[in-house]
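If you read the sequences in order, they're chains W and G.
In case it helps, the numbering used here puts the first sequence at residues 22 to 440.
In case it helps, the numbering used here puts the second sequence at residues 50 to 369.
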Amino acid sequence: MSAAEAAASEGVSSDAAPRLNKPKHVQYWKRCLKVYLPDYYTANDSTRMALAFFTVSALDLLGVLDESMKEEERRGYIDWIYNCQHPDGGFKGFPGGSGNQWDPATVPATCFALLSLLVLRDDLTRVKRRECLLWLNRMQRGDGSFGETLSGEGKVEGGYDSRFGYTATCVRWILRGNAEGEVDGVPDVDVDAFVRCVRAAEAYDGGISEAPFHEAHGGFTYCAVSALAFLDRISSLSSIPLTVQWLASRQTLTLTSLDVLSTDGDEATAPAVVSTPPSPSSPGFDVPAELRCSPAGFNGRCNKLADTCYVFWIMGSLCNLSALDVVNVPAAREYLLEQTAHRIGGFGKSPEDPPDLYHSFLGLAALALGGGEVPPFAEVKPLVPAACVSVETCEFLVGLPWRREVGPREPEAIERYLG
Amino acid sequence: MSRKPQNKLTPLSEDPKWEDVIPIPQEEGSAHPLASIAYAENYSEAMDYLRAVMATNEMSERVLELTERVIRMNPAHYTVWLYRARTLFTLNHDLYAEIAWLNPTALRHQKNYQIWHHRQTLINALDSADGEIPFLTQMFEKDSKNYHVWSYRQWLVKRFDLWDAGEIESVEELLKKDVRNNSAWNHRWFVVFGRPDTDAFKDEEIVKREIEFAKSQIRLAPQNQSPWSYLRGIIRQASLPLSSLREFAEEFAVFGKMDQVRSSHALALVADIYAEEPNGTAKATLALDMLAIRYDPIRVNYWEYKKKQLPPSSPVAAGT
Ligand SMILES: [Zn+2]
Numbered sequence: 022m023s024a025a026e027a028a029a030s031e032g033v034s035s036d037a038a039p040r041l042n043k044p045k046h047v048q049y050w051k052r053c054l055k056v057y058l059p060d061y062y063t064a065n066d067s068t069r070m071a072l073a074f075f076t077v078s079a080l081d082l083l084g085v086l087d088e089s090m091k092e093e094e095r096r097g098y099i100d101w102i103y104n105c106q107h108p109d110g111g112f113k114g115f116p117g118g119s120g121n122q123w124d125p126a127t128v129p130a131t132c133f134a135l136l137s138l139l140v141l142r143d144d145l146t147r148v149k150r151r152e153c154l155l156w157l158n159r160m161q162r163g164d165g166s167f168g169e170t171l172s173g174e175g176k177v178e179g180g181y182d183s184r185f186g187y188t189a190t191c192v193r194w195i196l197r198g199n200a201e202g203e204v205d206g207v208p209d210v211d212v213d214a215f216v217r218c219v220r221a222a223e224a225y226d227g228g229i230s231e232a233p234f235h236e237a238h239g240g241f242t243y244c245a246v247s248a249l250a251f252l253d254r255i256s257s258l259s260s261i262p263l264t265v266q267w268l269a270s271r272q273t274l275t276l277t278s279l280d281v282l283s284t285d286g287d288e289a290t291a292p293a294v295v296s297t298p299p300s301p302s303s304p305g306f307d308v309p310a311e312l313r314c315s316p317a318g319f320n321g322r323c324n325k326l327a328d329t330c331y332v333f334w335i336m337g338s339l340c341n342l343s344a345l346d347v348v349n350v351p352a353a354r355e356y357l358l359e360q361t362a363h364r365i366g367g368f369g370k371s372p373e374d375p376p377d378l379y380h381s382f383l384g385l386a387a388l389a390l391g392g393g394e395v396p397p398f399a400e401v402k403p404l405v406p407a408a409c410v411s412v413e414t415c416e417f418l419v420g421l422p423w424r425r426e427v428g429p430r431e432p433e434a435i436e437r438y439l440g
Numbered sequence: 050m051s052r053k054p055q056n057k058l059t060p061l062s063e064d065p066k067w068e069d070v071i072p073i074p075q076e077e078g079s080a081h082p083l084a085s086i087a088y089a090e091n092y093s094e095a096m097d098y099l100r101a102v103m104a105t106n107e108m109s110e111r112v113l114e115l116t117e118r119v120i121r122m123n124p125a126h127y128t129v130w131l132y133r134a135r136t137l138f139t140l141n142h143d144l145y146a147e148i149a150w151l152n153p154t155a156l157r158h159q160k161n162y163q164i165w166h167h168r169q170t171l172i173n174a175l176d177s178a179d180g181e182i183p184f185l186t187q188m189f190e191k192d193s194k195n196y197h198v199w200s201y202r203q204w205l206v207k208r209f210d211l212w213d214a215g216e217i218e219s220v221e222e223l224l225k226k227d228v229r230n231n232s233a234w235n236h237r238w239f240v241v242f243g244r245p246d247t248d249a250f251k252d253e254e255i256v257k258r259e260i261e262f263a264k265s266q267i268r269l270a271p272q273n274q275s276p277w278s279y280l281r282g283i284i285r286q287a288s289l290p291l292s293s294l295r296e297f298a299e300e301f302a303v304f305g306k307m308d309q310v311r312s313s314h315a316l317a318l319v320a321d322i323y324a325e326e327p328n329g330t331a332k333a334t335l336a337l338d339m340l341a342i343r344y345d346p347i348r349v350n351y352w353e354y355k356k357k358q359l360p361p362s363s364p365v366a367a368g369t
């Protein structure tokens, strides 16, 4: 018997597997769709398009999008998104601004707007595709990185990190597939320069960071790897095995600050991050059988606490690398379903935390990950990891007549999820 | 967090200073908006006035007051920060006064990114890093792993050539407080190996010093992954053989005493070292099995995957 089988045989049987309290999650998301969000979300006022995306995509993953809205409402939501389209291309993060240079399109908002339109089954024919692609090219800097928005003087504003590269390459993929060269007379972005940026941000431990020499981080790693997935350039990573190792190392039993305290006590001898600490009487650290199948979350950086969103960022990255089966997916699902799922629906960041849209969407999206030897979680629709939307929604996109003309071939990391 | 009592603020509509401005209300553009937020009244009003002054591209003292009011309620609004920065520069406003206002704002909103971008713009214009490191130390007292603050610190070191101005020492100070602070480890890597126009990996003395430092920190807490990653990173980038770490790793995990492993990271390292040795597959397999079954069972699948990548035990056996 292999070690894996030995450990698995002591694990939880599939009958005991925890379940999603689906009615509660459906209720949570329907409320987000129909009722004003509490003023706590004022901090997200300039990124409402992201919240809009979480809401419609979550309802799609739960399979209740159609029953959640009347046809008139669906058209109204679509109009709301198009109302955020900038006359010069791209989408703004919120409607009704000042209508001038202080009211610009942003790369993330454009990505979330297009994905939301697809989830709502709009065929994107009202998208100013040519203007959007021209604008996208202007959002790329000389070094290959993408920014967030253009200033009045045409300067690229915002960070240099992979969040913008990810959302930019997603926009490119939606509007022009993986077609290189000109589309509608618009040249492609500089793919090679962008790939150099991603490689330059690889950290010494195999993770990917915000910029060269910054600390490896799960969110930036997901964004970088998914951007490479859209560009069909996964193989450009310096070392896939090292990145896989870093990703696998993010799974942790340290779920709350109390867990840190309980393992920090033995710091001077050997603090355990992932296992029980050794005690002087037993120099090795024996792991009790019950620990082997207990919930295990993911952290975003070395020696940090687990957090719901990193279950998605880490497992999603692994899916893109065709390596989801190196981590313990059942333990991660258990962490989500038993620890961070909230009784009123949705997910919090940590056990006991109230739910918020961001963690609620990413928790659900993490449950929707599967592939390779990992069977999908039956209670949610399967998801395309790079695109963060259901397989069905991606199939709707690639089946659109105009899209078939521009993007005859999908990137491999997308294609393998499509029927 | 943003639910501070703002009720005391005078409505702008009652303030003579704003008499000449016609506020522009939020326009959703559809009977069915998405992600509608129940804004506090003060916030809605401030945003209505903000849209109005932005629309005329007004740059004035009252714009600074208004953007401050909005930022207090929503520090994550990116265009408000850009607009404020432009106004500051247009008015030739005192940038030190701006920093003095920014400090408590940053301390209050630990997770905010825009504040640090704004700070970078100001400090770059001031062309002086005076007072910055002490402020960052204050930030680290609240959260010594704050990603934005570390990113800003890297910018500061590069911009003002602070490579030898006590960075290594402050990293060591932070590691004394928490040897598992991976951000501090990463900053050390940046300060030692990230210096432009130098290749510290080719400097034997530096490489040796860093290897010894990592080893000394591992001995304090063998199950701390940060220094192990640091150590292996150096070995890889300086193109040294992994086997040069064999003796050290075997202090914590050695073949034949698999019941006395003191660090799963040491065991993973010896597995990699054995795997590189001729006929080392059997020993590597045992080490990986011990990781999977006993020392790091949460990663059982990963250790199994590593086993599949080992070279076959012996060429004869593989051929039959
Ligand atoms: Zn999170």
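The C-beta atom is built at its ideal place from N, Cα and C for all residues, glycine as well.
Ligand 1 heavy atom lying under 7 Å from the CB of Cys330(W): Distances from the CB of Cys330(W) to the heavy atoms of ligand 1 include at least one below 7 Å.
Given 8 Å, three or more beta-carbon pairs between the region 54-74 of chain G and the region 83-97 of chain W: As far as the Cβ criterion goes, the region 54-74 of chain G does not touch the region 83-97 of chain W, which means the pair count is below three.
Contacts that Ser348(G) makes with chain W (C-beta to C-beta distance below 7 Å): First, the amino acid is wrong: residue 348(G) is Arg here, not Ser. Under the 7 Å cutoff, chain W gives Ala269 and Gln272.
Alpha helix (DSSP H) runs contained entirely in the region 177-203 of chain G, provided each spans 4 or more residues: The region 177-203 of chain G contains, as complete alpha helix (DSSP H) runs of 4+ residues, the segments 181-191 (chain order).
Contacts of Ser275(G) in chain W (Cβ-Cβ under 9 Å): Asp226, Cys323 and Asn324
Chain-ordered neighbours of Phe167(W) on chain G, where CB pairs are closer than 8 Å: Result: empty, since nearest Cβ-Cβ is about 15 Å, beyond 8 Å.
8 Å Cβ shell around Gly202(W) - same chain, five flanking residues per side excluded: Correct list, in chain order: Pro208 and Asp209.
Where the region 185-198 of chain G meets chain W: residues whose CB sits under 9 Å from a CB there: Lys194 and Tyr196
Interfacial residues, the region 88-105 of chain G to chain W, with Cβ spacing under 7 Å: For the region 88-105 of chain G, the beta-carbon criterion of a distance under 7 Å to any beta-carbon of chain W is satisfied by Tyr88, Ala89, Tyr92, Arg100, Met103 and Ala104.
Buried/exposed call for Gly305(G), threshold 16 Cβ in 10 Å: Taking a 10 Å sphere around the C-beta of Gly305(G), we find fewer than 16 other C-beta atoms and assign the residue as exposed.
Near-chain G residues of the region 381-393 of chain W (beta-carbon distance less than 8 Å), N- to C-terminal order: If the cut-off is 8 Å between Cβ atoms, the region 381-393 of chain W has nothing near chain G.
Thr127(W) in three-state terms, based on DSSP: strand
Cβ-heavy atom distance, Lys4(W) to ligand 1, below 7 Å: One cannot answer for residue 4(W) here, as it falls past the ends of chain W, which runs 22 to 440.
From Pro403(W), Arg254(W) and Phe319(W), residue whose alpha carbon lies closest to that of Leu276(W): Phe319(W)
Cα-Cα separation between Gln360(W) and Gly111(W), rounded to whole angstroms: One C-alpha to the other measures close to 39 Å.
Extent of the continuous alpha helix (DSSP H) to which Arg52(W) belongs: Lys43 to Lys55
Candidates Asn106(G), Ile71(G) and Glu300(G), of which the one nearest Lys97(G) by Cα: The sequence as given places Asp at residue 97(G); Lys does not occur at that position. The shortest C-alpha separation from Asp97(G) is found at Ile71(G).
Interface flag, Gln266(G) vs chain W, CB-CB below 8 Å: no
7 Å Cβ shell around Gly329(G) - same chain, five flanking residues per side excluded: Tyr323
As assigned by DSSP and simplified to three states, the class of Glu178(W): strand
Sequence-distant residues of its chain with Cβ nearer than 7 Å to Ser343(W) (five each side left out): Gly393
Contact with chain G by Trp334(W), beta-carbon distance below 8 Å: no
Rounded separation between Asn91(G) and Val56(W) - CA only: 21 Å
CB contact flag (Leu316(G), Thr334(G), <8 Å): Not in contact: Leu316(G) and Thr334(G) (Cβ atoms no closer than 8 Å).
Rounded separation between Pro82(G) and Glu117(G) - CA only: 28 Å
Buried versus exposed call for Glu169(W) [16 or more other C-beta atoms within 10 Å across all chains shown]: buried
Cβ shell of Lys355(G) (< 8 Å), same chain only, five flanking positions each side left out: Ala320 and Leu337
Phe144(G) and Leu171(G) closer than 8 Å at C-beta: First, the amino acid is wrong: residue 144(G) is Leu here, not Phe. In contact: Leu144(G) and Leu171(G) (Cβ atoms closer than 8 Å).
Host alpha helix (DSSP H) of Arg150(W) (start-end): Arg150 to Arg159
Straight-line Cα distance separating Leu41(W) from Arg313(W): Caution applies to Arg313(W), whose pLDDT of 47 falls short of 50 and renders its modelled position unreliable; the value that the coordinates give is listed next. Going from the Cα of Arg313(W) to the Cα of Leu41(W) covers about 22 Å.
From Ala73(W), Arg322(W) and Ser78(W), residue whose alpha carbon lies closest to that of Trp101(W): Ala73(W)
Three-state secondary structure (DSSP) of Ala434(W): It is helical.
Local Cβ density within 10 Å of Gly243(G), reported as buried at 16 or more and exposed below that: buried
Inter-residue CB distance, Pro346(G) and Ser312(G) (contact presumed, cutoff 8 Å): Rounded, the Cβ-Cβ distance is 15 Å, inconsistent with contact.
Cβ pair Ser278(G), Asp226(W) closer than 8 Å: yes
Exposure of Asn341(W), with buried meaning 16 or more beta-carbon neighbours within 10 Å: buried
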